[in-house]
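Colleague:
Protein chains: 2
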Amino acid sequence: MEFEPKKAQGPVVKPGEFAFSAAGLDHGHIVGMCAALVEAGATLKTVYDPDPAKVEGFLKRFPTARAADCLERLLDDPETRLVAGAAVPSERCALGLEVMAHGKDYFTDKTPLTTLAQLEAAKEAVKRTGRKYMCYYSERLHSESAEFAGQLIAAGAIGRVIHVDGFGPHRIGPLSGRPGWFWKREKTGGILSDIGSHQIEQFLFYAGEEDARVQFSRAANYHNPEYPEFDDFGDCALVGKNGATSYFRVDWFTPAGLRTWGDGRTFILGTEGYIELRKYVDVGVEPYAADCVILVDGRGEHRFSARGKTGFPFFGKLILDCLNRTENAMTQPHCFKAAELCVQAQDNAVDITPGENRGWKRDFSPPSDSGEEKENMR
Amino acid sequence: MEFEPKKAQGPVVKPGEFAFSAAGLDHGHIVGMCAALVEAGATLKTVYDPDPAKVEGFLKRFPTARAADCLERLLDDPETRLVAGAAVPSERCALGLEVMAHGKDYFTDKTPLTTLAQLEAAKEAVKRTGRKYMCYYSERLHSESAEFAGQLIAAGAIGRVIHVDGFGPHRIGPLSGRPGWFWKREKTGGILSDIGSHQIEQFLFYAGEEDARVQFSRAANYHNPEYPEFDDFGDCALVGKNGATSYFRVDWFTPAGLRTWGDGRTFILGTEGYIELRKYVDVGVEPYAADCVILVDGRGEHRFSARGKTGFPFFGKLILDCLNRTENAMTQPHCFKAAELCVQAQDNAVDITPGENRGWKRDFSPPSDSGEEKENMR
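Here you go:
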């Protein structure tokens, strides 16, 4: 095979050359974000969260970091070049505006923001301060199978990308283990923003689309009537400016018997072949293996394991981008376009919740001649 | 495991108890249709097609059948109880109306019809004659993995079905090997009718939905500008009356390196687990195996091979339905509902063909606030 996973380089800076801090520990992703930056050479300096228990847990994982007694102390630290945060989604933009106002770059967990007004504020702040507002779209950036798919496409393995399908199932786990904000639409931004953001970002990246449009989206509360604002299912169809299409489905229905949190898949259809990613488990196959990549082209069916092969080049590139004011890890427009589309997908989603799970009863209307579907729009 | 594939019974009638004939050999599916009926005990009596070469080929496969010199001879045969046909899609309904007018049941290749006017005529004829207008939705009826999925759902293996995803990729093969009608929209009904009909039928069946609605559909000519009427890609989102949702994608982009004509998949998401069917190939796995069924539930990940296990119970049931005037194989409303929805999906599809493959240039409009998408409607 001429297609082999290419390994990321190791640390891109020497110890102390790039210091960053962490603020907002509401989502566990903060650990992966910080660990990946440290692996790429960054120095984790300070951490702040209003909840001392969260800070204590964080320091067990990163014992060389110091706790700040308030956010301002962290923001005023002249050595901190970037702040990584995983606040409650609806508060991510506000934190980013503060970070950028203090002359630092911002690296937030996905989804990076939850409203179009926040997006406008973030864009304006980026323009005014010259700082970065980057996002941890982890299902691509922190996945070796996803990284390898990008290498395959760039090498021309499947020709021109015409369609991307994404499945983003998640395990909800014990309901009591979820914080209160998890069930609130205003806090999470809804399922299409929250876990849907990964999917939209992957479509834009793999199809090489700088702009796209949401053509259709749905959200539902199928099975959690005790939390009427919660979406446990969502899906969405998009079309890119250059004509590639996408569909994705996200849900909270991973059964207890799966060996990991979700059987995430990406299917990338090209004019000369296709790629399937079995990102977190090759379901039903023993022993446990993640990062399974299947490529079918004109010559045959090819299976790869990307695990341990590519590393995660995004993080080293991000450090260098911050130092050199370049955009090799991700462009700012790409980051914001994915955010914009996921907010639009959620805001325009047709609510197809059956029964009375939202507190009202859905009417089933007869098929319409036009194919238009606007009922129950929220 | 308590879930094991249940085997279909053998022949349901003795030789000569149920005679049928074949008319309209335009699509190769006629062979599978006749072979399955013969395996279930039916006697294939007569065949007619205006093309002698097609009849000759057919008789090589079914040497005990006799050739009729005209369609009327076949239709007037009092022993023939059912006529199986795989005419050009746009002519399937006209053939069925003739068959039913002669007091015989009709079993047509998918898609069973191509326009809503044909659907009305077929419904009226069924009502008037009391005959059956059944359809060979082969991707479920002639697939052991699909049959086993139905058994699993009926046994409650995944709880309530909330969503079905279907991928129906097909290999186009050498373009010169395709008949002229293959490229004509009016003849095939378009991709969402033709190969999409399988997908819609599977959704209705697995979700137990008697009625549903097309919410969004697209079609494109991505890569065959020399045939501007041809759709090489289509997709569609549906919602059922009881609230289950579906998405499917069909295309003609199977690369030459795949070991079979298409990597057909069905993903069925339930409240308590999910099922994946790898219908025609477990891609990338040696040795070649089809009918791979994966079930994930509360207890674990389970892999089954359904090949050689379930048989195809539809065909024996269809014979008995014709003899006993029952509807155990498939109800007439189910058959017609799938047909209706696929015509609607096609008629209302947004054309997302990029470039000038249809002979005109697509405009990319900016994102709309409403999420409505009606441009280029055909």
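Those protein sequences? They're chains A and B, same order as listed. 129 is the number of the first residue of the first sequence in the working numbering; add one for each residue after it. 129 is the number of the first residue of the second sequence in the working numbering; add one for each residue after it. Here a beta-carbon is modelled for each residue, glycine too, at the ideal position from N, C-alpha and C. Predicted, not measured: the structure shown is a model, and the values here were computed from it.
1. Which stretch, first to last residue, makes up the alpha helix (DSSP H) that contains Asp322 (chain A)?
2. Give the DSSP-derived three-state secondary structure of Ile396 (chain A) in the structure shown.
3. For Gln137 (chain B), does the count of other Cβ atoms within 10 angstroms reach 16, so buried, or fall short, so exposed?
4. Touching or not, the stretch 212-219 of chain A and the stretch 149-167 of chain A, by the rule of three or more beta carbon pairs under 8 Å?
5. Where do the ends of the alpha helix (DSSP H) carrying Cys463 (chain B) lie?
6. Going by DSSP, what residue range makes up the alpha helix (DSSP H) through Pro297 (chain A)?
7. Can you list the residues of chain B that Pro482 (chain A) reaches, using a CB-CB cut of under 7 Å?
8. Secondary structure at Leu223 (chain A), three-state DSSP: helix, strand or coil?
9. Please list the terminal residues of the continuous alpha helix (DSSP H) segment that includes His157 (chain B).
10. Judging by CA-CA distance, which residue of A:Glu145, A:Asn349 and A:Ser325 is the nearest neighbour of His462 (chain A)?
11. Could you tell me which chain B residues have their CB closer than 9 Å to the CB of Phe361 (chain A), listed as they occur along the chain?
12. From Trp311 (chain A) to Tyr355 (chain A), what does the alpha carbon distance come to, in whole angstroms?
13. Would you say Gln507 (chain B) lies against chain A (beta-carbon separation less than 8 Å)?
14. Could you tell me the alpha carbon to alpha carbon distance between Thr257 (chain B) and Cys221 (chain B), rounded to whole angstroms?
15. So what's Glu404 (chain A) in DSSP terms, helix, strand or just coil?
16. Where are the alpha helix (DSSP H) runs, 4 residues long or more, that stay fully inside the stretch 165-198 of chain A, in chain order?
17. Would you mind sorting Trp488 (chain A) into buried or exposed? The rule is 16 or more other CB atoms within 10 Å of its CB.
18. Would you call the stretch 286-301 of chain A in contact with the stretch 372-384 of chain A, where contact means no fewer than 3 C-beta pairs closer than 8 Å?
19. Within a Cβ cutoff of 6 Å, which residues of the same chain sit near Tyr176 (chain A), ignoring the five residues on either side of it in sequence?
20. Quick one: grab the DSSP three-state call for Ala347 (chain B).
21. Under 8 Å, Cβ to Cβ, is there at least one residue of chain B near Ala355 (chain A)?
22. Interface residues of chain A around Arg346 (chain B) at Cβ under 8 Å?
23. Please identify the residue among B:Leu386, B:Arg341, B:Pro383 and B:Asn349 whose C-alpha is closest to the C-alpha of Cys364 (chain B).
24. With a 10 Å radius around its C-beta and 16 neighbouring C-beta atoms as the bar for buried, classify Lys135 (chain B) as buried or exposed.
25. Under 8 Å between the Cβ atoms of Ala372 (chain B) and Ile422 (chain B)?
26. Distance check for Asp179 (chain B) and Lys188 (chain B), CA to CA, integer angstroms please.
27. For Gly499 (chain A), I'd like the list of residues in its chain whose CB is within less than 6 Å of its CB, leaving aside the five on either flank, ordered along the chain.
28. Just mark Pro415 (chain A) as buried or exposed, buried being the case when its beta carbon has 16 or more other beta carbons within 10 Å.
29. Since Arg431 (chain A) is in the beta strand (DSSP E), which residue starts that stretch and which ends it?
30. Tell me the rounded alpha-carbon separation between Met228 (chain A) and Asp204 (chain A).
31. State the Cα-Cα distance for the pair Phe331 (chain B) and Gly284 (chain A), rounded to the nearest angstrom.
32. Helix or strand or just coil, what does DSSP make of Tyr375 (chain B)?
33. With DSSP collapsed to three states, give me the class of Ser496 (chain A).
34. With a Cβ-Cβ cutoff of 8 Å, do Gly401 (chain B) and Asp425 (chain B) count as a contact?
35. If you follow the alpha helix (DSSP H) that Ser273 (chain A) is part of, which residue opens it and which one closes it?
36. Output yes if chain B places a C-beta closer than 8 Å to the C-beta of Asp425 (chain A); else output no.
Modeller: Judging by the given coordinates:
1. Ile319 to Asp322
2. strand
3. exposed
4. yes
5. Gln460 to Asp475
6. Unbroken run through Pro297 (chain A) is the beta strand (DSSP E), Val289 to Pro297; no alpha helix (DSSP H).
7. Asn370 and Gly371
8. helix
9. His157 to Glu167
10. A:Ser325
11. Ile290, His291, Thr373 and Leu397
12. 6 Å
13. No answer is possible for residue 507 (chain B): the residues shown for chain B start at 129 and end at 506.
14. 15 Å
15. strand
16. 180-189
17. exposed
18. yes
19. Ala151, Ala196, Leu199 and Leu202
20. strand
21. As written in the sequence, residue 355 (chain A) is Tyr, which differs from the Ala given in the question. False, the Cβ-Cβ gap to chain B never drops below 8 Å.
22. Gln343, Ala365, Val367 and Thr373
23. B:Arg341
24. exposed
25. no
26. 15 Å
27. Here Gly499 (chain A) scores only 38 on pLDDT, less than 50, and its place in the model should not be relied on; the value that follows carries that caveat. For Gly499 (chain A), where only same-chain residues beyond five positions count, there are no Cβ hits under 6 Å.
28. exposed
29. Glu429 to Ser433
30. 12 Å
31. 35 Å
32. strand
33. Any reading at Ser496 (chain A) must be qualified, since the residue scores a pLDDT of 45, below 50, and its modelled position is unreliable; no value is offered.
34. yes
35. Glu272 to Ala282
36. yes
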